[in-house]
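Undergrad: To start, I am sharing the structure in question, which I have written as structure tokens.
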Amino acid sequence: MTMKISDCLRKTRKQQGLSQAEMAEKLRINMRTYQNYERGITKFPAEELYKLVLIFGISADDFFEIERHDAPVQQALDNLRAEMKRQHKEIRELLAACLPDKG
């Protein structure tokens, strides 16, 4: 489900147990400005999003309710790294067998 930024703002504010005035104060903006962000009347600037995630210690993924499905990706990367390591070892062994010993 895709949420609008205004919905994400409202959700975050309510999760923090804050009024619109308190949220505006934390962001150091005018309450009317915050209300306009939450109503979707005014676009919420990236700078404000940055402040919000810092203030509340949340990630942008959490703010936007983005589910992370990177476990399969991480597993694939781990498998690739293991295969590359195996191939590098094999190449070193082949080179060692083909090159004369400098000893």
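Under this note's numbering, the first residue of the sequence shown is numbered 178, with each subsequent residue one higher. Where a beta carbon is used, it is the ideal one built from N, C-alpha and C, also for glycine. Please read all numbers here as calculations on a predicted model, not as lab measurements.
#1: Closest by CA to N207, which one among E225, K191, G194?
#2: Look up D278 in the DSSP assignment and say whether it is helix, strand or coil.
#3: Tell me where the alpha helix (DSSP H) around K228 begins and ends.
#4: Counting only the same chain and skipping the five closest in sequence on each side, list residues whose C-beta sits under 8 Å from that of I232.
#5: In angstroms with no decimal places, state the Cα-to-Cα distance between P249 and E242.
TA: Inspection of the coordinates gives the following:
#1: As a first step, residue 207 is located in the sequence shown; it is residue number 30 there, counting from the start. Of the candidates E225, K191, G194, the residue whose Cα lies closest to the Cα of N207 is E225.
#2: Position 101 of the sequence shown holds residue 278. Residue state, collapsed to three classes: coil.
#3: Here residue 228 corresponds to residue number 51 of the sequence shown, with the count starting at 1. Counted as a single uninterrupted DSSP element, the alpha helix (DSSP H) harbouring K228 occupies residues 223-233.
#4: As a working note, residue 232 is residue 55 in the sequence shown. The beta carbon of I232 sits closer than 8 Å to those of K203, L204, all from its chain and outside the five residues before and after it, given in chain order.
#5: What you label residue 249 is simply residue 72 of the sequence shown in a count that begins at 1. What you label residue 242 is simply residue 65 of the sequence shown in a count that begins at 1. The straight-line gap from Cα to Cα measures roughly 19 Å.
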